[in-house]
Amino acid sequence: MATLQFDLVVEGIDSSTFVVREFTGNESVSASVSDLGGSYSGFRYCVDIASRQHTIVAEDIIDKRVMLTVKRNGEPVQKTHGIVRRFDKGDTGHSYTFYSLVIAPSLERLSLRQNSRIFQQKTTQEIVSLLLSEMGIEDYAFSLKNELVQREFCVQYRETDLDFVHRLIAEEGISYYFTHDDAKHTLIFNDASETIEKLATPISYNAKAGGNADSPYISSWETSKRVEVNQASLTDYSFKKPSYSLAQTQSSETGESVSRAYQHYDYPGRYKSDDAGKLISQVRLEYLRRQGHTANGKSDQALIRAGAKFDLCDHLDAEMNRVWVAVRVLHQGKQPQALEEEAGSGATTYSNEFVAIPGDKNWQSEPQNKPLVDGPMIATVVGPEGEEIFCDEHGRVKLHFPWDRYSNGDENSSCWVRVAQGWAGSQYGMMAIPRIGHEVIVEFLNGDPDQPIITGRTYHATNTPPYSLPDNKTRTVLRTESHQGVGFNELSFEDQADEEQIYVHAQKDMQKLVQNDDTIHVKNDLHSTIENDVYERVGRNSHSTIDGEQRSTVTGNQSLIVDGSLQLMSGSVWVNDSGSEIHIKSGNKVVLEAGSEITVKAAGSFLKVDPAGVHLVGGGVNLNSGGSPGSGSGFSGLLAEQPMALVPNTLSLYEEPSNAEASLESATENVITDLEPSNSPVPFSNQGGSTTSNTMSTDEGAASTSSSQDGSEDNEELTEESQRLKSSLLKQSVTLDKLANRESGSYKKGAKGEEVEYIQQALIKLGFDLGTAGADGDFGSMTEKQVKLFQGSYEPSYSTHLAYEVGAVDGIVGQGTILGLDEALVDGWVYDELSDETEFRIRAFMRMLRVGEGTIGQKGYETLFGGSSFREDHGRDWSDHPRIHMPFGSTTSTAAGAYQVMGYVWDDERIAKKRKEYGIDDFSPYNQDRFALILLKHKRRSAWPYLLNGEIEKSLTLTKGTKGYAYEWASLPPGVYGQPSKTMDEALSLYEEYYQQEKSGESDLAIMLGDIKEFLQ
């Protein structure tokens, strides 16, 4: 007969102080509720003890480490290590005072702190580890099968650290249990039963009475199966992919004879990617089915604990003899002979009751309700020091919440937060970006603290309205503030009776475009004050009707040039009073006609013609007596200068998103960024001309003050400031410059003339082949083909023109194409059909890059950050990017492969579209090389022509605000991030060495010679 003994030792208390009378212990995988009520986290033991010391106080016991040991035949068979969560003092008997205490894991200390805080770009493992370390808990480990993704924005909101941890791990399908030894209890986080270590010895089932009491066994075994949900379907929404369905459905592979689907459907699933959706929906299904197949047992085997995996043996039903995992255990022990006065009360006993699941099933934690934000809250817009406006390509801003005690109130205080606008359509609507320091009203989608959205703006004591209140309570105002300057634009409405007014203030320029009619009806006076010049151009006719007087005062000269006839009619008197001279000249004849009298008078003499005759009076009348006629000054009037062209507001149509700079995560300090940002366009810049220059000629067919009398169009010279086109070739043509401003028609097949010849010359200079005809001014099939080649191969650098697109590959030269041709000429861009020579250059560059990344040779294709292999060390294959998070300082890196591509770059929506376009469907060495070509050609497109031309140093650095390949991979010189692995001379020397090797047929690239040319064309 085996002998049992229970011992209990408390930290700092002599080991002989307490004797154990009895105990009850509840254990579970993750948090649970005990049979007696009350929740616990992993385990909770209630122990009744006694001591000969009658003055033990709780302060010496609570929150101290404690060990409860079950010994069988003098050997420890079960150890329970924890902290004293509660200590009670009871009655005092003949020799002993009775006490009781509760043993709990140190994890429960997290229940004693409630907080609100923000975590960004951290995995669940990183967040949990931080919370444990803050509570001084170091004995924990993660045994995970699934890769944890970084959470962009994760909020602990008015919940205890423990509730927060339980919520996060349940979302990721992670449960936990504890292991115990003499000095500690270790918290094990686990997401798959298959990774749990199994007990070394199977446990026997023996239901017969009188079994061998010296060998622990299971005395009762009952199994249960029941119909459960067999399908979980979740969905969610991402504004970045509004039309993409994120629906995920997971079905169970059950042996149940169930003919119908019992589906659990929920929204939102709280995920933003397919991979996350698959995991979350699978975890949800496993939780809903966790009671579908269970076993209930009773035993005296002390090794059966929550999280223990064991083999059952000796059951008459062979199906029962398999691997099981205990998920809940109730331990009970009684030791009545511990006290002398109760020595005859019976033997020491130990037993347990447990619930187990099959070893191939996962036990999922019960999902925790996410705290809901119960209404809007106030936040402040924040950003980098020195900035006034800080937003991303979606118009999102960063926020600081009043309850956030941990952030510095800068650009790192939150994720990017969307801003509700008054109207939002496809490239139309309203856009007003909240500025740094503004107070905003924030709500949360579905009450989720992880999904803030700005729904309103508010003034406060220091951010005050534009006009004082309530003095101006009748004024409705839209006023902006000049960015990095002093001033404002304003549109306001005054609604006070008899004082109604609409007020418009433009701090600098004001432009108005009316596609059809503009009608103004002023019922009283119109006052207009222009402090400088007025330029006006009427395309056809100008009509003016004045019912009263017209008065005009010109303090300088006035010129009136009429190409046709000038007719003046006066109903009464026409007086032309000149202080010095009147000169009337006609190329043919001058007729002066009067009804009754004409008088010409000068210097006391006069000529008068009236009904009485012709009267000539003077000091002398000379006929044919010599002399010469007087002469006038002649015409010296000036042509009218043309108004400045309206700059088309194309920003909303063509502006590319501006993306973050490169991340510094890489295997050898590699940098991978999003697509290359364009230079930010400047709204309403004077690209179209200057108010003081003779800029635009008229549209075709329209009257022009600068045309010759026969109607032919002059190609007048433009000033440098007024021209949209900047290349020395194309800026010669005013008509093409008008096309660049959308003021003339496009050119397509069949067009002829001087402008077509300019276009053809541009194509030839850029490397396009127009055959033997060359620039003949005839827009034929060959010209159309080469225009299409240009449209398909050129990507704007925005170094010359700010916001435009080349347009469709249609062979028609419109505004976008002429701007692209002009910019390509200025940049020195040259079309290259990828000769063998250029392919050698590309291949040599790819190999030089891999030296800096530390991934040379065939092994480099499977290298992770830090140097390990995702195939040999992590069991992954070539089917996809491994997305394995390797430690990198305080965070992790997913850099992988020959070019150390980040997981988020591989998955980027725009990059993924390119992968699909080029047929890159796995992460094989061959496709890694092809993917690198996408990065080289499309992400840093400005550098691509220089790489093709062999200008390697320039391709690394570039100028004019554009960034070369050194901004893509930090290992490349000159080390713009301070971490190159080679100097510029060393890198160029390597490039030259590899270039010669490639020419001789020696290479370690997976992509074969000739494949690059085929791939890119």
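Heads up: the sequence shown begins at 1 in the UniProt record's numbering, then just goes up one per residue.
We put the CB at the ideal spot given by N, CA and C, even for glycine.
DSSP three-state assignment for residue i, whether helix, strand or coil
i: MET886; result: strand
i: MET782; result: helix
i: MET377; result: strand
i: ARG158; result: strand
i: PHE18; result: coil
i: ASN927; result: helix
i: ARG175; result: The residue you asked about is not Arg; residue 175 is Ser in the sequence shown. SER175: strand per DSSP, three-state reduction.
i: GLY816; result: helix
i: PRO796; result: coil
i: THR519; result: coil
i: VAL102; result: strand
i: GLU909; result: helix
i: GLY297; result: strand
i: PRO76; result: strand
i: LYS859; result: helix
i: ALA1006; result: coil
i: ILE546; result: coil
i: VAL562; result: coil
i: PHE1015; result: helix
i: SER436; result: In the sequence under discussion, the amino acid at residue 436 is Ile, which differs from the Ser named in the question. Three-state result, ILE436: coil.
Same chain, Cβ closer than 7 Å to residue i, neighbours up to 5 away in sequence not counted
i: GLU388; result: ARG435, ILE436, HIS483 and GLN484
i: ILE1007; result: TYR926, ASP929 and ARG930
i: PRO945; result: TRP829 and VAL830
i: THR160; result: LEU110, SER111, ARG113 and GLN114
Reference residue i; option with closest CA among the options
i: LYS473; options: PRO452, GLU500 and VAL381; result: GLU500
i: LYS788; options: TYR798, ILE83, ALA808 and ALA773; result: ALA808
i: LEU101; options: LEU68, SER116, LYS79 and VAL77; result: LEU68
i: PHE635; options: THR201, ASP907, ASN557 and THR599; result: ASN557
i: TYR177; options: TRP363, THR92 and GLN150; result: TRP363
i: ASN949; options: GLU837, MET984 and THR892; result: GLU837
i: SER251; options: PHE87, ARG260 and TYR244; result: ARG260
i: ARG322; options: ALA356, ILE582, GLY93 and LEU1009; result: ALA356
i: THR24; options: ILE49, SER15, THR179 and ALA2; result: ILE49
i: ALA594; options: TRP574, PHE444 and GLU581; result: TRP574
i: GLU11; options: GLY37, ILE546, ALA232 and ILE83; result: ILE83
i: SER799; options: MET782, VAL826, ILE812 and VAL813; result: VAL826
i: residue 1055; options: PHE888, GLU917, THR855 and ARG910; result: Missing from the structure shown is residue 1055; the chain here goes from 1 to 1017 and no further.
i: GLN5; options: LYS361, LEU168 and TYR350; result: TYR350
i: SER879; options: LEU1005, ASP922 and GLY866; result: ASP922
i: SER633; options: GLU581, PHE390, GLY90 and ARG52; result: GLU581
Sequence-distant residues of the same chain with beta carbon closer than 8 Å to residue i, five excluded per side
i: ASN352; result: LYS298, SER299, ASP300, GLN301, ALA302, ILE304, VAL329, LEU330, HIS331 and GLN332
i: ARG117; result: VAL155, GLN156, ASP404, ARG405 and TYR406
i: LYS752; result: GLY777, ASP778 and PHE779
i: ALA141; result: THR186, LEU187, ILE188 and PHE189
Residue i burial status per 10 Å Cβ neighbour count (16 or more: buried)
i: GLN427; result: exposed
i: TYR804; result: buried
i: HIS54; result: exposed
i: GLN282; result: buried
i: ASN576; result: exposed
i: GLU1014; result: exposed
i: MET886; result: buried
i: HIS81; result: buried
i: residue 1027; result: Any question about residue 1027 goes unanswered here, given that the chain covers just 1 to 1017.
Sequence-distant residues of the same chain with beta carbon closer than 6 Å to residue i, five excluded per side
i: GLU823; result: THR800 and HIS801
i: GLY307; result: VAL29 and TYR177
i: PHE98; result: ALA50, GLY90 and ASP91
Can you find at least 3 beta carbon pairs, one from the stretch 184–198 and one from the stretch 33–40, that sit closer than 8 Å? Segments in contact, no.
Evaluate the contact criterion for the stretch 981–993 versus the stretch 846–856: three or more CB pairs, one atom per stretch, below 8 Å. Flag = yes, the stretch 981–993 and the stretch 846–856 touch.
For the pair the stretch 222–241 and the stretch 272–281, tell me if three or more CB-CB distances fall below 8 Å. Under the Cβ criterion (8 Å, minimum of three pairs), the stretch 222–241 counts as touching the stretch 272–281.
Measuring CB atoms only, is the stretch 734–750 touching the stretch 809–822, in the sense that at least three cross pairs come out at less than 8 Å? Touching, yes.
Looking at C-beta atoms only, is the number of pairs between the stretch 91–106 and the stretch 197–208 that lie closer than 8 Å three or more? Counting Cβ pairs under 8 Å, fewer than three are found: no touch.
If you pair each beta-carbon of the stretch 901–915 with each one of the stretch 930–943, do three or more pairs fall below 8 Å? Result yes; three or more Cβ-Cβ pairs closer than 8 Å.
Across the stretch 271–278 and the stretch 215–224, are there enough close Cβ pairs to call them in contact, namely three or more that are closer than 8 Å? Below 8 Å, too few C-beta pairs join the stretch 271–278 and the stretch 215–224 to call them touching: fewer than three.
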